[in-house]
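Q:
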Amino acid sequence: MRAALLHLDDALIGQSRLRQAVCDGGGRLLDYRDIGPELRLWSRPPSLLRLQDRLMSALPGDFGPALVFSGSGDFHHVTPILLERAIRAAGSPPVTLLHFDNHPDWVTFGDGAHCGSWVGQAARLPQVVKVLTVGVCSRDLEKSKTEADLSAIKSDRLELYPYRAPRGAQVLSLGGREWSSVEAMGEAAFADFLPGRISTTAVYVTIDKDVLHPADAGTNWDQGLTTLAYLKTLLGKVARDHDLIGADVVGDWSRPVYGGGLVAAALKRGEALLDQPWRSPAPERREANQDVNLELLTLIGELAR
Numbered sequence: 061m062r063a064a065l066l067h068l069d070d071a072l073i074g075q076s077r078l079r080q081a082v083c084d085g086g087g088r089l090l091d092y093r094d095i096g097p098e099l100r101l102w103s104r105p106p107s108l109l110r111l112q113d114r115l116m117s118a119l120p121g122d123f124g125p126a127l128v129f130s131g132s133g134d135f136h137h138v139t140p141i142l143l144e145r146a147i148r149a150a151g152s153p154p155v156t157l158l159h160f161d162n163h164p165d166w167v168t169f170g171d172g173a174h175c176g177s178w179v180g181q182a183a184r185l186p187q188v189v190k191v192l193t194v195g196v197c198s199r200d201l202e203k204s205k206t207e208a209d210l211s212a213i214k215s216d217r218l219e220l221y222p223y224r225a226p227r228g229a230q231v232l233s234l235g236g237r238e239w240s241s242v243e244a245m246g247e248a249a250f251a252d253f254l255p256g257r258i259s260t261t262a263v264y265v266t267i268d269k270d271v272l273h274p275a276d277a278g279t280n281w282d283q284g285l286t287t288l289a290y291l292k293t294l295l296g297k298v299a300r301d302h303d304l305i306g307a308d309v310v311g312d313w314s315r316p317v318y319g320g321g322l323v324a325a326a327l328k329r330g331e332a333l334l335d336q337p338w339r340s341p342a343p344e345r346r347e348a349n350q351d352v353n354l355e356l357l358t359l360i361g362e363l364a365r
């Protein structure tokens, strides 16, 4: 699996070791920062189509399976585009989307896509049999009755396994279904359990590094409790009996620049003030992101062979 650095912000620009490793492996460097501000946090269909057209040209089917690093988690709504590209490159097999995140990314959003709304869009793709979301322990789970689009759960196309369920519960109950938390099940038991929830041979993996414990990474969002070592364990368990057809990684911190017009930029800035930490992560946490990316680049490359 070859890699690509998708520059929509400055998060990956200074990661020289990662850039060198990608180039040495025959990967691509895609500098699309000119449209990054209009895509950041949320974007309208014309911006998404511009990005899709560029990606289809830069990463044609004969590039093969791709691991794409896309910068900040504010761009997680790029994942459905990358997922569709991976499905086509693999010959359109049935696929399971394995989603690691500290947020469920399941809110409803009208015209376009939001970094917190893309899961429903991905779950409705014809080839996607199921989305498995793992590691959430943010307060978003407590807002499910007012903000979440639960249609994918009700149609059995989404399962959500939090690292820690709200209010100390052993299970998460939503849409008439229940899922145990990783914490309640125990990490070792959950690692053995997870591959059995995947009914397809093909798997696409998307990782938002805000799923990681703050000791392991620094992001633009509040962070979870999953360690990098445990994330790597889960990936290894899943890859034993399944084929990775592609992957993407977001969650690198960057100083936000918002675009899409004066009104859109103002709305995005206000939303970020409400939803994101006001302080940037400490420099050592931000610098750790490159080490995490390099470890994921090596591991996913090995698992996809």
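Take any residue in the sequence shown, count from 1 to its spot, add 60: that is its number in the numbering used here. All residues carry an ideal CB built from backbone N, CA and C; glycine is no exception. Since the model is a prediction, treat every value here as computed from it, not as a measurement.
(1) Runs of 4 residues minimum, wholly inside the segment 94-131: which ones carry the alpha helix (DSSP H) assignment?
(2) When we look at the beta-carbon of glutamine 80 and count the other beta-carbons within 10 Å, is it buried (16 or more) or exposed?
(3) Assuming serine 177 contacts aspartate 165 under a Cβ cut-off of 8 Å, what Cβ separation, rounded to an integer in Å, is found between them?
(4) Please state the DSSP three-state secondary structure of histidine 302.
(5) If we ignore side chains and look at the alpha-carbon of each, how far apart do leucine 90 and proline 97 end up?
(6) Is histidine 163 closer than 8 Å to valine 189 when the C-beta atoms are compared?
(7) Only counting the same chain, and skipping five residues up and downstream in sequence, which positions put a Cβ closer than 6 Å to that of aspartate 70?
(8) For the candidate residues Thr358, Arg227, Tyr318, whose alpha-carbon lies nearest to that of arginine 199?
(9) Exposed or buried, which one is valine 38 when buried takes at least 16 other CB atoms within 10 Å?
(10) By a C-beta neighbour count over all protein chains shown, 10 Å radius and 16 as the cutoff for buried, is tryptophan 239 buried or exposed?
(11) Quick check: lysine 370 and leucine 359, are their CB atoms within less than 8 Å of each other?
(12) Is it right to say cysteine 175 is buried, meaning 16 or more other beta carbons lie within 10 angstroms of its own, or is it exposed?
(13) Where does tryptophan 178 fall in DSSP's three states?
(14) If contacts are defined as beta-carbon pairs under 8 Å, then leucine 72 and glycine 133 qualify, I think. What distance do you get, rounded to the angstrom?
(15) From glutamate 344 to arginine 100, what distance separates their C-alpha atoms?
(16) Could you spell out where the alpha helix (DSSP H) holding leucine 142 opens and where it closes?
(17) Between leucine 143 and tyrosine 221, is the Cβ-Cβ spacing less than 8 Å?
(18) For glutamine 350, which residues of its own chain have a beta-carbon under 7 Å away from its beta-carbon, when the five flanking residues on both sides are left out?
(19) Can you tell me whether DSSP reads leucine 158 as helix, strand or coil?
A: In short:
(1) 96-99, 105-118
(2) Position 20 of the sequence shown, counted from the start, is the residue given in the question as residue 80. By the 10 Å Cβ count, glutamine 80 comes out exposed.
(3) Residue mapping note: residue 177 aligns to position 117 of the sequence shown, counting from 1. Residue mapping note: residue 165 aligns to position 105 of the sequence shown, counting from 1. With 8 Å as the limit, serine 177 and aspartate 165 qualify as a contact, their Cβ atoms being about 7 Å apart.
(4) Position 242 of the sequence shown, counted from the start, is the residue given in the question as residue 302. Looking at histidine 302 - three-state DSSP - the assignment turns out to be coil, as it is neither helix nor strand.
(5) Translated into the one-based positions of the sequence shown, residue 90 becomes position 30. Translated into the one-based positions of the sequence shown, residue 97 becomes position 37. Each residue's Cα considered, the two are about 15 Å apart.
(6) In the sequence shown, counting from the first residue as 1, residue 189 sits at position 129. In the sequence shown, counting from the first residue as 1, residue 163 sits at position 103. Contact: no.
(7) Here residue 70 refers to the residue found at position 10 when the sequence shown is read from its first residue. Contacts found: Ser314.
(8) By one-based count along the sequence shown, residue 199 stands at place 139. Of the candidates Thr358, Arg227, Tyr318, the one whose C-alpha sits nearest the C-alpha of arginine 199 is Arg227.
(9) The displayed coordinates of the chain run from 61 to 365. Any statement about residue 38 would go beyond what the structure contains.
(10) Looking up residue 239 in the sequence shown gives position 179. Buried, because 16 or more other Cβ atoms sit within 10 Å of the Cβ of tryptophan 239.
(11) Since the first residue of the chain shown is 61 and the last is 365, residue 370 is not available in this structure.
(12) Translated into the one-based positions of the sequence shown, residue 175 becomes position 115. When all chains shown are included, cysteine 175 counts as buried.
(13) Locating residue 178 in the sequence shown gives position 118, where the first residue counts as 1. Tryptophan 178 falls in the helix class under three-state DSSP.
(14) Against the sequence shown, residue 72 aligns to sequence position 12. Against the sequence shown, residue 133 aligns to sequence position 73. With a contact defined as Cβ atoms closer than 8 Å, leucine 72 and glycine 133 miss out at about 13 Å.
(15) Translated into positions along the sequence shown, residue 344 becomes position 284. Translated into positions along the sequence shown, residue 100 becomes position 40. In this structure, the alpha-carbon of glutamate 344 lies about 24 Å from that of arginine 100.
(16) Numbered from its first residue, the sequence shown carries residue 142 at position 82. Per DSSP, leucine 142 belongs to the alpha helix (DSSP H) from 139-149.
(17) Counting from 1 along the sequence shown, the entry for residue 143 is found at position 83. Counting from 1 along the sequence shown, the entry for residue 221 is found at position 161. No, these two residues do not count as a Cβ contact at 8 Å.
(18) As a first step, residue 350 is located in the sequence shown; it is residue number 290 there, counting from the start. Answer for glutamine 350: Gln75, Arg77, Leu78, listed in chain order.
(19) One-based indexing of the sequence shown puts residue 158 at position 98. In this structure, leucine 158 counts as strand in the three-state DSSP scheme.
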